[in-house]
Every structure is written in structure tokens, then in C-alpha cells.
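Novice:
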Amino acid sequence: MTNNASEKSAISGQAASVFFEDLHESLDALSVVPEASHCLYCYEAPCIQACPTSIDIPTFIHQIRTGNVTGAAHTILSENIMGGTCARACPTEVLCEQACVHNVTGHKPVEIGLLQRYATDHLMAENGPHPFNRAPDSGRHIAVVGAGPAGLSFAHRAAMLGHKVSVYEAKSKPGGLNEYGLAAYKMVADFAAREVDFLLGIGGIEIFYNEELGKSLTVED
Ligand code: SF4
Numbered sequence: 002m003t004n005n006a007s008e009k010s011a012i013s014g015q016a017a018s019v020f021f022e023d024l025h026e027s028l029d030a031l032s033v034v035p036e037a038s039h040c041l042y043c044y045e046a047p048c049i050q051a052c053p054t055s056i057d058i059p060t061f062i063h064q065i066r067t068g069n070v071t072g073a074a075h076t077i078l079s080e081n082i083m084g085g086t087c088a089r090a091c092p093t094e095v096l097c098e099q100a101c102v103h104n105v106t107g108h109k110p111v112e113i114g115l116l117q118r119y120a121t122d123h124l125m126a127e128n129g130p131h132p133f134n135r136a137p138d139s140g141r142h143i144a145v146v147g148a149g150p151a152g153l154s155f156a157h158r159a160a161m162l163g164h165k166v167s168v169y170e171a172k173s174k175p176g177g178l179n180e181y182g183l184a185a186y187k188m189v190a191d192f193a194a195r196e197v198d199f200l201l202g203i204g205g206i207e208i209f210y211n212e213e214l215g216k217s218l219t220v221e222d
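The opening position of the sequence shown corresponds to residue 2 in the numbering used here, with each subsequent residue numbered one higher.
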């Protein structure tokens with residue numbers, strides 16, 4: 002546990018569970034616009050070059066600054082459907098934020114991770130229709146092995162293209178690294194599971210659990 006994460010213990014009968022508070026304090030409606038206004042909307046922005054998923058960072062920040070928070074989330078998720086997890090778990094301080102031009106002049110970089118989280122959380126909290134549409138049925142049926150971040154991101158993009166997708170997962174829950182491998186203080190309130198539910202909202206994706214390639218499942222199957 003870190004200095005930033007306080008511990009609460011809940012003891013029920015013989016069982017004791019440990020819950021964590023969020024590592025990072027989220028931006029709110031008052032703090033988000035000043036933070037977004039800090040961005041210079043750079044041409045050939047180095048923050049995009051440093052982002053492993055090539056999110057159009059200056060555009061989504063500009064959308065937040067002008068009040069189009071849902072549009073900002075769409076910009077993020079169109080490059081990375083798991084942008085909500087990345088906003089929590091990505092080491093932004095050595096990626097996009099380290100590349101931010103403000104560092105050159107000795108100023109604080111734009112809080113790109115927190116802005117990304119603000120936008121994606123906003124869209125998920127709206128609980129509206131899924132933000133991406135499926136193309137007409139392609140007639141193709143794709144099998145994906147593993148319901149981790151890569152498998153599910155691929156499944157989502159394949160579903161967008163009109164393919165039917167069957168995902169085979171060895172464990173009993175989806176999410177892979179996001180569910181089983183990230184520190185609890187980064188992924189509070191069952192965020193990994195909620196993000197998978199959101200992703201599946203596109204339709205056309207079915208997940209089969211407890212199916213392990215080489216054991217219960219073969220390539221021939
Ligand atoms: S490098 Fe920094 S200032 Fe420039 S677009 Fe990216 S976040 Fe904005």
C-alpha cells in the first residue's frame with residue numbers, strides 16, 4: 002500500500018477484506034478546463050508520438066476545453082477502446098507527459114492521464130448507447146483466444162467491422178491483466194469489469210469462459 006492509498010478494513014464474520022481508495026484524485030468540473038487550457042495544441046505533438054496507442058491527445062484535450070467531453074472520449078476510444086484503464090494504469094509520467102513540450106521550459110506537463118480519465122469516465126457514466134456502430138454483417142466469424150486487453154480490443158474492432166466474434170478465455174472472468182494484474186488502488190470499484198461490460202455493448206461478441214487452448218479447446222475446434 003502506498004502513502005496515497007489509505008486502507009479500510011471491513012471485517013464480516015470470519016472473513017476480512019481490504020479495500021483501497023483511488024491512487025489519483027480525479028479532476029472535477031472546476032479543475033478540468035484550467036488543466037485542459039494548459040495544452041498548447043502542438044503541431045506534430047510529441048505527446049502523440051510517445052503514446053503507445055497513438056491517441057490524438059491535443060484534439061481530445063481541445064474538445065474537453067471547449068465543453069465537448071463526450072467527443073473527447075470518442076477521440077480517445079476510437080484509438081484505444083480501453084482508454085479508461087490506460088488513463089488509470091499507464092505510466093504517463095514516462096510516456097506522453099514526459100514528452101509534453103512544457104517540460105522543455107521547466108514547466109509542469111499537461112496532466113494528460115487525468116484528462117483522459119475525466120473524459121472516459123464521463124462517457125461511461127452517461128450510460129447511453131454504445132458510442133461505436135457495427136458495420137453490416139460481414140458473414141465472417143472470428144475466434145479470439147484470450148479475453149485480456151489485446152483480445153478484447155481486437156474483438157471490439159472486429160465487431161465494428163461487422164464480424165461475429167467468439168472469445169475463448171481460460172479463466173472464469175474477462176479482463177486479463179486489467180482484472181488480475183493491476184494494483185487494486187489503480188482499479189477501484191471493479192473498473193476492469195465495468196469496462197468490459199462497456200466494450201461488449203457494441204454487440205456481436207460472445208465470451209466463453211474456462212476454455213483453455215490446448216486443454217478444453219483445440220485449433221481444430
Ligand atoms: S505536447 Fe503537451 S502542450 Fe503539446 S499538445 Fe501534447 S499535451 Fe498539449
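Quick reminder that beta carbons are idealized off the backbone N, C-alpha and C, glycines included.
#1: What is the residue span of the beta strand (DSSP E) that H142 lies within?
#2: Please determine if the segment 99-108 and the segment 62-80 are in contact, where contact requires at least 3 C-beta pairs separated by less than 8 Å.
#3: Among residues of its own chain, excluding the 5 on either side of A46, which ones have a beta-carbon nearer than 7 Å to its beta-carbon?
#4: Would the beta-carbon of P53 be found less than 6 Å away from any heavy atom of the ligand SF4?
#5: How is E45 classed by DSSP in three states: helix, strand or coil?
#6: Given 6 Å as the limit, tell me if A156 has its C-beta closer than that to any heavy atom belonging to the ligand SF4.
#7: Quick one: grab the DSSP three-state call for E207.
#8: Looking at C87 and the ligand SF4, is the gap between the Cβ and the nearest heavy atom below 6 Å?
#9: I'd like to confirm something about C101: is its beta-carbon nearer than 6 Å to some heavy atom of the ligand SF4, or not?
#10: Quick one: give me the first and last residue of the alpha helix (DSSP H) that S217 is part of.
#11: Between which two residues does the alpha helix (DSSP H) harbouring G181 extend?
#12: Pick out the complete alpha helix (DSSP H) segments inside the segment 59-97, 4 residues or longer, and give them in chain order.
#13: Would you list the one or two residues that DSSP bridges to Y169?
#14: Taking contact to mean at least 3 C-beta pairs separated by less than 8 Å, is the segment 209-220 in contact with the segment 116-125?
#15: Can you list, in chain order, the residues of its chain with a C-beta nearer than 8 Å to that of V220? Leave out the 5 residues immediately preceding and following it.
Specialist: Taking the coordinates as given:
#1: Locating residue 142 in the sequence shown gives position 141, counting from the first residue. Note, H142: beta strand (DSSP E), H142 to V146.
#2: no
#3: Reading the sequence shown from its first residue, position 45 is the one you call residue 46. Once the five neighbours on either side are set aside, the close Cβ partners of A46 are I58 and P59.
#4: Here residue 53 corresponds to residue number 52 of the sequence shown, with the count starting at 1. For the ligand SF4, not one heavy atom lies less than 6 Å from the Cβ of P53.
#5: For this step, residue 45 is matched to residue 44 along the sequence shown. Three-state result, E45: coil.
#6: Your numbering for residue 156 matches position 155 in the sequence shown. Incorrect: A156 has no Cβ contact closer than 6 Å to the ligand SF4.
#7: As a working mapping, residue 207 is identified with position 206 in the sequence shown. Strand at E207.
#8: For the purposes of this step, residue 87 is identified with residue 86 of the sequence shown, where counting begins at 1. No - the ligand SF4 has no heavy atom lying nearer than 6 Å to the Cβ of C87.
#9: Here residue 101 is taken as the residue at index 100 of the sequence shown, counted from 1. Yes; taking the cut-off as 6 Å, the Cβ of C101 has a heavy atom of the ligand SF4 nearer than that.
#10: The residue you call residue 217 lines up with position 216 of the sequence shown. Neither: S217 is in no alpha helix (DSSP H) and is coded neither H nor E.
#11: As a first step, residue 181 must be located in the sequence shown, where it is residue number 180. Per the sequence shown, the amino acid found at residue 181 is Tyr instead of Gly. Where Y181 is concerned, the enclosing alpha helix (DSSP H) stretches over L178 to Y181.
#12: 70-80 and 84-90
#13: Numbered from its first residue, the sequence shown carries residue 169 at position 168. When beta bridges are read from the DSSP output, Y169 appears opposite V146 and F209.
#14: No, the segment 209-220 is not in contact with the segment 116-125.
#15: Here the question's residue 220 lines up with position 219 in the sequence shown. Within the same chain, V220 has close Cβ partners L214.
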